[in-house]
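Just so you know, the sequences run in chain order V and R.
Just so you know, our numbering puts 131 at position 131 of the first sequence, and the rest follows in order with no gaps.
In short: position in the second sequence from 1, add 328, done, that's our numbering.
Note that the Cβ used here is the ideal one computed from N, Cα and C, for glycine as well.
Reviewing the structure listed below.
Protein chains: 2
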Amino acid sequence: MTEKIEDYRAEYVIDACQYANWNRTIFEQMREGGVTCVNATIAYWENTRETLTRIAEWRRLFAANADLIMPVKTFTDIRRAKKDGRTGITLALQHCLPIEEEIDMVEIMHDLGVRFMQLSYNNQSTLATGWLESEDPGITRFGREVIREMNRLGVVIDMSHSAERSTLDAIEISERPIAITHANPISWCDTRRNKSDTVLKSLAESSGMLGFSFYPNHLRDGSDTTLEEFCNMVARTVELIGTEHIGIGSDLVQGQPYWVIDWMRSGKWTKQTLNSLKWPVPTTWFKDNSNFPGIAGGLLAKGFAKEEVEQIMGGNWLRFIETAFRPA
Amino acid sequence: MTEKIEDYRAEYVIDACQYANWNRTIFEQMREGGVTCVNATIAYWENTRETLTRIAEWRRLFAANADLIMPVKTFTDIRRAKKDGRTGITLALQHCLPIEEEIDMVEIMHDLGVRFMQLSYNNQSTLATGWLESEDPGITRFGREVIREMNRLGVVIDMSHSAERSTLDAIEISERPIAITHANPISWCDTRRNKSDTVLKSLAESSGMLGFSFYPNHLRDGSDTTLEEFCNMVARTVELIGTEHIGIGSDLVQGQPYWVIDWMRSGKWTKQTLNSLKWPVPTTWFKDNSNFPGIAGGLLAKGFAKEEVEQIMGGNWLRFIETAFRPA
Chain V
1 MTEKIEDYRA EYVIDACQYA NWNRTIFEQM REGGVTCVNA TIAYWENTRE
51 TLTRIAEWRR LFAANADLIM PVKTFTDIRR AKKDGRTGIT LALQHCLPIE
101 EEIDMVEIMH DLGVRFMQLS YNNQSTLATG WLESEDPGIT RFGREVIREM
151 NRLGVVIDMS HSAERSTLDA IEISERPIAI THANPISWCD TRRNKSDTVL
201 KSLAESSGML GFSFYPNHLR DGSDTTLEEF CNMVARTVEL IGTEHIGIGS
251 DLVQGQPYWV IDWMRSGKWT KQTLNSLKWP VPTTWFKDNS NFPGIAGGLL
301 AKGFAKEEVE QIMGGNWLRF IETAFRPA
Chain R
329 MTEKIEDYRA EYVIDACQYA NWNRTIFEQM REGGVTCVNA TIAYWENTRE
379 TLTRIAEWRR LFAANADLIM PVKTFTDIRR AKKDGRTGIT LALQHCLPIE
429 EEIDMVEIMH DLGVRFMQLS YNNQSTLATG WLESEDPGIT RFGREVIREM
479 NRLGVVIDMS HSAERSTLDA IEISERPIAI THANPISWCD TRRNKSDTVL
529 KSLAESSGML GFSFYPNHLR DGSDTTLEEF CNMVARTVEL IGTEHIGIGS
579 DLVQGQPYWV IDWMRSGKWT KQTLNSLKWP VPTTWFKDNS NFPGIAGGLL
629 AKGFAKEEVE QIMGGNWLRF IETAFRPA
């Protein structure tokens with residue numbers, strides 16, 4: 001890829017994970033990048049009550065930027081966003097504290113627009129194990145109940161930050177396909193935050209979805225990883241699990257102050273603050289939402305057919321969401 | 329009314345206030361009484377988080393008794409309940425603690441199905457004054473904001489437990505008609521919990537609604553009040569404000585243990601518990617939802633025309649709700 005890579009504008013661009021200090025500039029970049037839908041993280045360590053405020057903040061963003069974005073609760077909403085030339089936004093929880101230990105709060109969150117929830121975030125949760133724990137006893141008793149309820153309502157189970165056994169359990173227990181919204185293969189970048197071939201194969205065989213992450217910590221050479229290397233990784237993943245079950249989950253973080261990374265890592269569960277942490281420097285080829293046509297161009301340059309690029313950029317997530325958001 | 333009063337089954341029976349220890353027997357009584365819609369109190373001193381659990385409890389009741397009841401969020405829902413032969417249930421807050429001091433929580437509660445909210449319950453609230461306070465400074469700064477937001481969304485402002493000046497203020501400030509869901513005229517039963525002629529006239533002139541209460545504490549002779557006396561009071565109220573703006577708001581309390589009356593009165597705001605309190609004994613003619621045809625019969629016997637009885641039993645609330653639940 002020494003030659004200049006041409007941008008390619010995919011019909012549907014769907015990003016299954018972003019967490020920004022949202023503002024109008026970011027929504028304008030979404031338009032510039034032709035982004036159809038973004039799955040926006042609204043909570044990490046927020047409890048139920050605090051999550052309501054996060055949801056309310058999005059209501060204000062929707063009202064103030066109605067020309068650029070709109071809430072997405074159904075597949076039809078995504079079609080409408082596309083038709084309007086706006087970016088649809090789905091709401092996602094990266095941890096299960098927002099439902100506390102009350103099964104009915106899954107329905108309350110669903111009512112208020114939440115469409116994705118991770119069963120655990122780094123640590124052991126009441127539902128599942130996080131990837132940073134040394135032991136992984138798998139899905140818990142409450143976890144089985146919550147999976148059944150999420151299946152019933154049409155809330156997508158996301159295991160991006162969960163440990164291996166819990167993830168394999170979730171794939172097996174869930175009656176509907178699950179998602180790993182933002183991660184890459186361990187075989188390419190060796191961190192347990194990424195996913196083993198076993199998990200990736202099990203995910204794809206069950207019609208689940210993997211969203212490739214652009215977060216430097218999940219990339220083989222961190223911030224120095226080239227677009228070509230990234231596209232090679234996509235090609236190898238296609239060899240492993242095919243083109244049907246992969247998409248984008250950039251894990252783009254924009255405009256967040258330094259203390260937010262500490263909040264994400266430490267929440268309220270430890271007194272050890274990590275003040276020295278800095279946000280990783282983004283790659284040169286993915287800094288914001290306007291860069292998506294460059295990614296699509298990179299995939300074309302790698303030799304993917306246009307149809308495959310369309311699938312990876314958004315078509316696969318679109319098909320997944322069409323059934324996943326439908327109540328059982 | 330020495331002769332036997334014949335039951336009369338009004339087409340629409342709408343009760344603007346009940347608070348029961350809900351169960352299937354009560355829902356069966358609603359069917360027996362031909363009740364189209366009941367406005368169910370879900371919170372007094374519950375905060376935002378606790379209110380979510382109250383809402384979730386109703387979701388379970390709706391699921392377990394779907395043959396008898398259904399949630400009502402729109403006017404169309406009431407029509408559907410009527411068509412199905414089920415009782416529609418609207419959710420109501422008797423106090424504003426469920427929104428804490430966060431304006432966006434009005435929309436969250438509306439999203440979850442709340443359609444009525446009292447601005448104060450007995451005490452001074454952050455919005456308005458309750459009827460038991462000695463001073464009433466009227467609607468507060470936050471109160472004006474909340475009224476505007478309720479007007480925007482279509483959440484009915486209820487001043488049943490509020491003090492006089494606050495109530496008159498609310499009628500004036502609100503751009504939409506308000507309600508006093510459960511109270512009687514002070515001129516008939518002299519407690520400040522009931523409403524003055526000034527308030528009743530102002531309410532009716534602004535197209536607001538009064539729901540007559542059957543709660544013994546609001547009745548001239550308490551539990552001994554006769555249906556005839558009650559119907560005479562209705563007739564006098566009609567002379568004062570006409571037949572268009574009156575309906576039923578029974579304040580029926582069923583199956584609640586004694587501690588609940590203490591919860592209603594004392595919440596968490598005082599250490600003085602009122603353990604000696606007992607629920608007032610109901611009148612002989614209104615013990616549960618199956619008694620509504622008897623009330624309608626009493627009104628007919630008093631000399632009201634059938635058309636007027638239809639208005640009072642449900643027609644007026646139906647017309648009010650048709651516009652009141654519509655977002656601005």
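Taking one beta carbon from each stretch, the segment 611-619 of chain R and the segment 498-514 of chain R have fewer than 3 pairs nearer than 8 Å; the two do not touch. Inter-residue distance for Ile-333 of chain R and Asp-590 of chain R is about 37 Å (C-alpha atoms, whole angstroms). In this structure, the beta-carbon distance from Ala-56 of chain V to Asp-412 of chain R does not fall below 7 Å.
With the criterion set as a beta carbon lying under 9 Å from some beta carbon of chain V, the members of the segment 411-440 of chain R are Glu-428, Glu-430, Ile-431, Asp-432, Met-433, Glu-435, Ile-436, Asp-439, Leu-440, in sequence order. For the C-beta of Leu-52 of chain V, the chain R residues within less than 9 Å are, from N- to C-terminus, Thr-376, Arg-377, Leu-380, Glu-430, Asp-432, Met-433, Ile-436.
Per DSSP, the unbroken alpha helix (DSSP H) holding Asp-84 of chain V starts and ends at 75-84.
Beyond the five residues adjoining it in sequence on each side, Gly-113 of chain V comes within less than 7 Å, by CB distance, of Ile-55, Pro-71, Lys-73, Leu-91 in the same chain, given in chain order. Per DSSP, Leu-528 of chain R is one residue of the alpha helix (DSSP H) stretching across 525-533.
Ala-384 of chain R belongs to the set of residues whose beta carbon lies under 7 Å from a beta carbon in chain V.
Residue R:Val-527 holds the alpha-carbon nearest to the alpha-carbon of His-573 of chain R among R:Thr-379, R:Ile-417, R:Val-527. Think of a sphere of 7 Å around the beta carbon of Arg-443 of chain R: no beta carbon from chain V falls inside it, the nearest being about 15 Å out. In the three-state DSSP reduction, Phe-470 of chain R falls in the helix class (H, G or I). Between Ile-354 of chain R and Gln-582 of chain R, the C-beta gap is smaller than 7 Å, which places the two residues in contact. Ile-14 of chain V is a Cβ neighbour of Gly-314 of chain V, given a cutoff of 7 Å. Cβ proximity to chain V below 9 Å picks out Ile-383, Ala-384, Glu-385, Arg-387, Arg-388 from the segment 383-406 of chain R. For Cys-424 of chain R, the closest alpha carbon among the candidates R:Arg-407, R:Gln-452, R:Ala-409 is that of R:Gln-452. The distance from the Cβ of Asn-47 of chain V to that of Ala-16 of chain V is about 24 Å, inconsistent with a contact at the 8 Å cut-off. A straight-line Cα-Cα distance of about 13 Å links Met-561 of chain R and Ile-623 of chain R. Nearest to Arg-165 of chain V by alpha-carbon distance, out of V:Thr-191, V:Asn-23, V:Glu-135, is V:Glu-135. Secondary-structure assignment with DSSP links Val-114 of chain V through a beta bridge to V:Leu-91. Residue range 37-43 is occupied by the beta strand (DSSP E) that includes Thr-41 of chain V. Across the structure, Glu-378 of chain R and Val-588 of chain R are spaced so that their CA atoms are roughly 16 Å apart. Around the Cβ of Gly-570 of chain R, a 10 Å sphere holds fewer than 16 other Cβ atoms; the residue is exposed. The beta carbon of Glu-503 of chain R lies closer than 7 Å to those of Asn-479 in the same chain, with the five residues before and after it left out. Here Ile-171 of chain V has Ile-178, Ser-202, Leu-203, Ser-206, Gly-208 as same chain residues with Cβ atoms under 7 Å from its own Cβ, once five neighbours each way along the sequence are excluded. In the structure shown, the three-state DSSP call for Val-581 of chain R is strand. Looking at the DSSP output, Pro-513 of chain R bridges to R:Lys-523. Taking all protein chains in view, the Cβ of Gly-303 of chain V is surrounded by fewer than 16 other Cβ atoms within 10 Å, so the residue is classified as exposed.
DSSP places Gly-539 of chain R within a strand segment (E or B) once states are collapsed to three.
The alpha-carbon of Asn-65 of chain V is positioned some 7 Å away from that of Arg-24 of chain V. Note on geometry: alpha-carbon atoms of Phe-230 of chain V and Arg-408 of chain R lie some 55 Å from one another.
Comparing alpha carbon positions, the residue from R:Gly-466, R:Phe-540, R:Leu-380, R:Ala-338 closest to Pro-513 of chain R is R:Phe-540.
Val-238 of chain V: member of the alpha helix (DSSP H) spanning 227-241, first to last residue.
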